[in-house]
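Notes for the one structure printed next.
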Amino acid sequence: MENSPVLDSNNKETSFKAEKPKGRLNKKILIICSLVSIIIIAVAAYFIISTRYSRMIETYINAELSSIELTYGDDFNYNPFKCSGFKEIECSSDYIEFYELDQKFLVKNISFKAAPFLKELNISSTGSIEISSVDAEKNPVSNDIITLNFNCTDNMTLLSERSLLAHNLMCDSNLNNIHSNQQSVFYMKDDVYSESSSIIGVLKAVAEQNIDFRDQLMNFTVVESSVSKIESPALMDDIVAVMQLLVKSYTDETIHKEDIAEIYTELKNDYIKFKDFYGYNKYTNFMDNLINAVDGVIYNNHNTISMSMILQNKDIIDSMFDSEYMKFMLPDYYDISIESSK
2 MENSPVLDSN
12 NKETSFKAEK
22 PKGRLNKKIL
32 IICSLVSIII
42 IAVAAYFIIS
52 TRYSRMIETY
62 INAELSSIEL
72 TYGDDFNYNP
82 FKCSGFKEIE
92 CSSDYIEFYE
102 LDQKFLVKNI
112 SFKAAPFLKE
122 LNISSTGSIE
132 ISSVDAEKNP
142 VSNDIITLNF
152 NCTDNMTLLS
162 ERSLLAHNLM
172 CDSNLNNIHS
182 NQQSVFYMKD
192 DVYSESSSII
202 GVLKAVAEQN
212 IDFRDQLMNF
222 TVVESSVSKI
232 ESPALMDDIV
242 AVMQLLVKSY
252 TDETIHKEDI
262 AEIYTELKND
272 YIKFKDFYGY
282 NKYTNFMDNL
292 INAVDGVIYN
302 NHNTISMSMI
312 LQNKDIIDSM
322 FDSEYMKFML
332 PDYYDISIES
342 SK
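Residue numbers for the sequence shown, in the working numbering: 2 to 343.
And the structure:
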């Protein structure tokens, strides 16, 4: 009994000491819960922002396609694009189908990924295009199909101080048996690029102002360089095969290499007479290179064609938008090369 107070005192002391770690533990739990809450809020906010941008892109693409559908009516059909993603936005559609004259173009399994940064937008796209001949009622003329499979990447850089959007485009494709590889650097101009300080700002402005990128590509684009290579094991034979499929809806006649060679020879001889009369210059020099390349394919069974077009003076790019652009796509401003080989 004498020891009871001591025992009680010890028990109280022990009990008091045991309460301290429990308080620290509660504080740690509170901190952890707060951190988790902050992370959840941040993730939720990021998800909302990312979803908003992916939906914005999805809405813009489908609105453009809907506009084309209204213009062309039954000649244009599509499955709406669906977009999703966080840092990288991915959009895809099962098909886009349109008719032009007596040809049906079916774009299948098209998809692209877009990774936006502050001043850059990296896009990669894949898909296939099937081209077939149809009659007036859009019924297939035959089972023969031209298939183009493509895989492209486009690195866009915003040059807001120059009102430009720079593109570095690379494409790898196969047209039936013909393989091609192409790389181009070109620029698009619009006030929206100077008004926006980020790629996201450009995307928002494009959607809100309903800017027509097709019009920009056609009328407000300057090429800095373009390099491409076309090849196949039997290039001339494969070109003839593609031509035969393209004209199947117009004629049942068979296209022969010999017929093409004969027509080409006549055209070449006419050009030589013209050149001899008017004299030689940078334009005839370009035509001579072109003829030499085609000669190699038609007469010597060359299976590779290489082409390049390089702007001689990059400092004039900004001023080229203020002039009629087609005159610049000539040897006056570009070093143009074309050759064929085995």
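Note that CB positions come from ideal geometry on N, CA and C, so glycine has one too.
Residue i vs residue j beta-carbon contact at 8 Å
i, j, result
"G128", "K109", "yes"
"A294", "S226", "no"
"L246", "I147", "yes"
"S55", "I90", "yes"
"M157", "L102", "no"
"F106", "D76", "no"
"I240", "I306", "no"
"L71", "S199", "no"
Where the alpha helix (DSSP H) through residue i begins and ends
i, result
"N301", "K283 to N301"
"L246", "L236 to L247"
"D192", "D192 to E196"
"S320", "I318 to M321"
Buried or exposed (CB count within 10 angstroms, at least 16 for buried), residue i
i, result
"K190", "buried"
"N270", "exposed"
"N220", "exposed"
"D336", "exposed"
"F82", "buried"
"E267", "exposed"
"V248", "exposed"
"N304", "buried"
"P117", "buried"
"L159", "buried"
"D333", "exposed"
"L331", "exposed"
"I317", "exposed"
"Y73", "exposed"
"Y194", "buried"
Endpoints, the beta strand (DSSP E) within which residue i is located
i, result
"A116", "Q104 to P117"
"S85", "K83 to G86"
"I90", "I90 to E101"
"N78", "F77 to Y79"
Bridge partner(s) assigned by DSSP for residue i
i, result
"E121", "T158"
"D336", "I311"
"V142", "V142 pairs with nothing; no bridge assigned."
"V224", "F187"
"M171", "T154 and Q184"
Whole-Å CB distance - residue i paired with residue j, under 8 Å assumed
i, j, result
"S93", "S112", "4 Å"
"V243", "N177", "6 Å"
"V223", "M321", "5 Å"
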